[in-house]
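Counting from 1 along the sequence shown, just add 53 to a position and that's the residue number in our numbering. For each residue, glycine too, the CB sits at the ideal point set by N, CA and C. Structure record follows, encoded as structure tokens.
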Amino acid sequence: MTGKLAVVFGGSGFLGRNVVRELARRGWRVRVAVRRPHLAQFLRPMGAVGQVQLKQCNIRHKGSVEEALRGADAVVNLVGLLFQSGKQAFDSVQSTGAANIASLAAEAGIVNFVHLSAIGADCESDSLYAQSKGEGERAVRSSTPSAKIIRPSVIFGVEDEFFNRFATLASYSPVLPLIGGGKTKFQPVYVDDVADAVCEALVRKDAEGRTFELGGPRVYTFRELMELMVSETGQNRVLAPVPFPIASLIGLFGEIAGRLPFVDPPLTRDQVKLLKRDNIVRSDAEVGTLND
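See below:
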């Protein structure tokens, strides 16, 4: 074991649990900072006895973040939202929360910092999700210029939130909507590859200060991904093109349904905005890729 301590914010999520497992396998001591530690006990057996710790933390509260960072050698911020709910807003989590972690890590002298963003992050975007991701990147770069920023395309794997969401929808609906005709392009990347990339970024000197966009070996349209999903699950479903204006209306009803307790919105207006842009790795020298 290296004996070095990595603090992982958002370590109980889909990507987080894979990052925690890989960090432990590589010999790091891991402190997982989460809002509800009692719901993250499944992370403890991912390392040797005592190798994985749990720490209660709310990234909106600076005192809480300071406690989580105490004694850390490296920081990984994986906190993110797919949709807004109550106090869990894009701005407070993906922008202000990221800024809190980055600034307090810098004050503590921690320069080994990996920040998870997303392809399409843009402070000027009309999507609140992409806008907050862009603002989060800017805050991280401002506090820690040497930080490594990771932007994955849609991540797939066991318990993912993309294919499983649509597979669940297909289990009770005979029709699956193809937003905007299903022409949006994606470059799905395997969760273990993203976890490996995060861990490599922590130890690679040539990664400092760089941004990496991660995508898999093939680009698919949204229609192709839905065809693949229904084929693999053995579900014969109608794939119906839905124009963006109608999809926005569906998203509005999804947001209203999402206000009910324990109900996740199947679609939001902000997600419809995201689907108007391709989610693939850029082909220019400004960003690194999975190969790097």
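Can you list, in chain order, the residues of its chain with a C-beta nearer than 8 Å to that of R88? Leave out the 5 residues immediately preceding and following it. For R88, where only same-chain residues beyond five positions count, the Cβ hits under 8 Å are Q109, C110 and N111.
Which runs of the beta strand (DSSP E) fall wholly inside the region 63-135 and span at least 3 residues, in chain order? Counting only runs of 3 or more residues that sit fully inside the region 63-135, the beta strand (DSSP E) segments are 82-87, 105-109 and 127-130, in chain order.
Starting from V167, follow its DSSP beta bridges and name the residues at the other end. V167 is bridged to V129 and K201.
Could you please give me the residues that DSSP links to F265 through a beta bridge? For F265, which the question treats as bridged, DSSP gives the partners I203 and G341.
Which two residues bound the contiguous beta strand (DSSP E) that contains L231? Taken as a continuous stretch (DSSP letters only), the beta strand (DSSP E) holding L231 covers V228 to I232.
Would you mind working out which of D249, R97 and S224 sits nearest N289, comparing C-alpha positions? Checked all of D249, R97 and S224; the closest Cα to N289 is S224.
Using the C-alpha atoms, what's the distance from R194 back to L305? Each residue's Cα considered, the two are about 34 Å apart.
Closest Cα partner of V291 within the set V283, F297 and P298: V291 has its Cα closest to that of V283, out of V283, F297 and P298.
Indicate the three-state DSSP secondary structure (helix, strand or coil) for K326 in the structure shown. Of the three classes helix, strand and coil, the one that applies to K326 here is helix, per DSSP.
With contact counted as at least three CB pairs below 8 Å, one residue from each stretch, are the region 94-107 and the region 124-142 in contact? Taking a cut-off of 8 Å for Cβ pairs, the region 94-107 and the region 124-142 do not touch, as fewer than three such pairs fall below it.
C-beta atoms of A151 and A183 nearer than 8 Å: Cβ atoms of A151 and A183: not closer than 8 Å.
Run through the DSSP bridge pairs and tell me what T19 is partnered with. Missing from the structure shown is residue 19; the chain here goes from 54 to 345 and no further.
With H, G and I counted as helix, E and B as strand and the rest as coil, what does DSSP make of N289? Here N289 sits in coil by DSSP.
Out of F143, P318 and N344, state which residue places its alpha-carbon closest to the alpha-carbon of E214. It is P318 whose Cα lies nearest to the Cα of E214.
For S145, the three-state DSSP class (helix, strand or coil): In the structure shown, S145 sits in a helix (DSSP, three-state: H, G or I).
Out of L313, P98 and N130, which has the shortest C-alpha to C-alpha gap to R204? For R204, the nearest C-alpha among the options comes from N130.
As a quick exercise: from T342, L255, L229 and R276, pick the residue whose alpha carbon is nearest that of I303. It is L229.
Closest by C-alpha distance to D331, when choosing among A200, A220, F275 and D323: For D331, the nearest C-alpha among the options comes from F275.
Three-pair Cβ contact test at 8 Å for the region 159-171 versus the region 81-98: As far as the Cβ criterion goes, the region 159-171 does not touch the region 81-98, which means the pair count is below three.
Is it buried or exposed, P270, if we count other Cβ atoms within 10 angstroms and call 16 or more buried? Burial call: exposed.
Apply the 10 Å Cβ neighbour rule to G64 and answer buried if 16 or more other Cβ atoms are within range, or exposed otherwise. Buried, since its Cβ has 16 or more Cβ neighbours within 10 Å.
Around the Cβ of P198, are there at least 16 other Cβ atoms within 10 angstroms (buried) or fewer (exposed)? Under this definition P198 is an exposed residue.
Which class does M54 belong to by DSSP, given the choice of helix, strand or coil? Because the pLDDT at M54 is just 47, under 50, the model does not fix this residue reliably, and the value given afterwards should be weighed accordingly. Three-state DSSP puts M54 in coil, outside helix and strand.
Within a Cβ cutoff of 6 Å, which residues of the same chain sit near S301, ignoring the five residues on either side of it in sequence? R322 and V325, listed in sequence order.
Name the two residues that bound the continuous alpha helix (DSSP H) containing L2. This structure does not reach residue 2, given that the chain is present from 54 up to 345, and the question cannot be answered.
Straight-line Cα distance separating R74 from D249: Roughly 10 Å separates the two Cα atoms.
I172 in three-state terms, based on DSSP: The three-state secondary structure of I172, taken from DSSP, is coil.
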